[in-house]
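Positions 3 to 337 (my numbering) are the ones given, in order, by the sequence shown. We put the CB at the ideal spot given by N, CA and C, even for glycine. Quantities reported herein were computed from a predicted structural model and do not represent experimental measurements. Below: the structure, in structure tokens.
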Amino acid sequence: MFDESKCKRCGECFVRCHYVEYDQDRAVKEMEALIAGEPTEIVSLCATCIACNTYCPQDAHPFDLILQRQEETKAVQSPKGLALAQEWRDSPSEIVRGEPGRPVISLCVVDPLIPRMFEGRVYQGMTFLKGGDYFCHVGYCHMGLQSPIEPGVRQLVENLARVGTEEIVFFHDECFAAVKSVAPAYGINVPFRPVHIITYLRDYVRDHREEVRRLDLRAAYQQPCSSRYSMEKDPILDELFELIGVERVARKYDRQEALCCDAPLVGFGQRERAIESSARNIEDAKAHGAELMVFLCPMCTLRLRRPAREAGLRPIHLSNLVRLALGEQLPPETT
Ligand code: SF4
Ligand code: SF4
Numbered sequence: 003m004f005d006e007s008k009c010k011r012c013g014e015c016f017v018r019c020h021y022v023e024y025d026q027d028r029a030v031k032e033m034e035a036l037i038a039g040e041p042t043e044i045v046s047l048c049a050t051c052i053a054c055n056t057y058c059p060q061d062a063h064p065f066d067l068i069l070q071r072q073e074e075t076k077a078v079q080s081p082k083g084l085a086l087a088q089e090w091r092d093s094p095s096e097i098v099r100g101e102p103g104r105p106v107i108s109l110c111v112v113d114p115l116i117p118r119m120f121e122g123r124v125y126q127g128m129t130f131l132k133g134g135d136y137f138c139h140v141g142y143c144h145m146g147l148q149s150p151i152e153p154g155v156r157q158l159v160e161n162l163a164r165v166g167t168e169e170i171v172f173f174h175d176e177c178f179a180a181v182k183s184v185a186p187a188y189g190i191n192v193p194f195r196p197v198h199i200i201t202y203l204r205d206y207v208r209d210h211r212e213e214v215r216r217l218d219l220r221a222a223y224q225q226p227c228s229s230r231y232s233m234e235k236d237p238i239l240d241e242l243f244e245l246i247g248v249e250r251v252a253r254k255y256d257r258q259e260a261l262c263c264d265a266p267l268v269g270f271g272q273r274e275r276a277i278e279s280s281a282r283n284i285e286d287a288k289a290h291g292a293e294l295m296v297f298l299c300p301m302c303t304l305r306l307r308r309p310a311r312e313a314g315l316r317p318i319h320l321s322n323l324v325r326l327a328l329g330e331q332l333p334p335e336t337t
């Protein structure tokens with residue numbers, strides 16, 4: 003939530019934004035108008051990448067104010083995104099019981115998006131939670147809506163708590179953000195320990211070092227926007243890449259400076275801006291010598307895999323990259 007008492011009206015948040023070209027004066031004016039509830043350009047141009055929440059030196063959460071104004075003004079709307087979200091919320095839920103002692107993993111609704119993703123040794127014997135009961139609702143922030151997030155996260159935490167386990171691995175970065183950061187911000191108690199898929203994969207690889215074949219590849223990482231809620235896991239990702247012999251190229255649009263996959267802009271009907279932004283993202287990856295484009299979010303994968311491939315980069319999900327390093331043959335559907 004935006005904290006007006008922390009905001010110094012310095013404009014840093016929008017000066018650093020990769021989706022507008024504001025000097026400090028303009029950035030300060032936009033912020034003052036946003037706070038006053040006056041019309042602003044930024045509510046329409048914001049790509050909902052969440053980056054300014056991490057740029058703000060005062061931790062005032064400016065993106066949360068933009069989102070509030072987007073909902074109030076209907077400056078951006080995503081009818082297809084909303085229809086898809088409704089479909090996901092209504093999708094049937096299932097608990098696929100695994101072996102006692104093996105971890106529980108929540109797949110949200112991403113299971114059908116990349117077929118045969120959860121095969122292989124890494125996932126063997128796990129208990130899978132999937133379907134609408136485990137939909138995290140944080141993605142509404144990419145559709146110009148704030149109001150469904152709090153009740154949705156509350157329901158998600160209740161549904162997960164009913165599973166009755168002490169620890170849950172989250173495959174979807176947004177789900178981890180929901181339980182690790184968003185729920186506490188709304189005062190929602192989370193009665194289990196959330197583990198990010200990156201941490202789970204790092205631990206698995208560390209415990210099975212003798213099975214790893216270092217890949218000796220250079221990769222550009224497409225950081226999901228929701229990772230802004232939990233940047234503390236970034237060193238764990240670096241360690242995972244190192245363990246499997248993949249160099250994460252030090253490109254411009256990574257870590258704090260990462261670009262969105264631009265699916266939200268497409269949803270807002272701003273296709274030209276999305277194409278331009280994706281092109282500079284992929285050019286940046288190429289210019290820094292990447293051979294692969296590695297994804298964590300399935301939506302980023304679906305949005306960028308074709309332009310990445312057309313630019314000569316092999317698109318691959320992080321989980322499948324780990325499976326490759328463990329010597330597994332990937333089914334053609336996963337690539
Ligand atoms: S939200 Fe943060 S970065 Fe933006 S104007 Fe306020 S204090 Fe500055
Ligand atoms: S969320 Fe991203 S696109 Fe929107 S204003 Fe902040 S930095 Fe810019």
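- Between residue 51 and residue 227 the beta-carbon gap is near 5 Å, inside 8 Å, which marks them as a contact.
- Counting only the Cα atoms, residue 33 lies some 9 Å from residue 68.
- Of the other Cβ atoms in all chains shown, 16 or more fall within 10 Å of the Cβ of residue 229; this residue is therefore buried.
- If only uninterrupted beta strand (DSSP E) runs of at least 3 residues are considered, those enclosed by the region 241-265 are 248-250.
- Between the alpha carbons of residue 104 and residue 224 lies a gap of roughly 29 Å.
- In this structure the region 235-247 does not touch the region 263-270; the number of beta carbon pairs closer than 8 Å is below three.
- By the C-beta density criterion, residue 49 is buried, having at least 16 other C-beta atoms within 10 angstroms.
- The alpha carbon of residue 265 has as its nearest neighbour, out of 309, 232, 297, 305, the alpha carbon of 305.
- Any heavy atom of ligand 2 within less than 5 Å of a residue's beta carbon puts that residue on the list, which reads 19, 21, 48, 49, 51, 53, 54, 65.
- Going by beta carbons, residue 292 and residue 221 fall inside the 8 Å limit.
- Secondary structure at residue 288: helix, using DSSP grouped into helix, strand and coil.
- Nearest C-alpha to residue 148 among 129, 303, 4: 4.
- For residue 214, DSSP assigns no beta-bridge partner whatsoever.
- Counting only residues whose CB is nearer than 5 Å to a non-hydrogen atom of ligand 1, the list in chain order is 9, 10, 12, 14, 15, 33, 58, 60, 62, 64.
- In this structure, the beta-carbon distance from residue 16 to residue 29 falls below 8 Å.
- By the CB criterion at 8 Å, residue 320 and residue 297 fall inside the cutoff.
- Contact between residue 175 and residue 299 holds: their C-beta atoms lie close to 6 Å from each other, under 8 Å.
- Residue environment: residue 199 is assigned as buried (16 or more neighbouring CB atoms within 10 Å of its CB, all protein chains considered).
- Annotated three-state conformation of residue 43 is coil, per DSSP.
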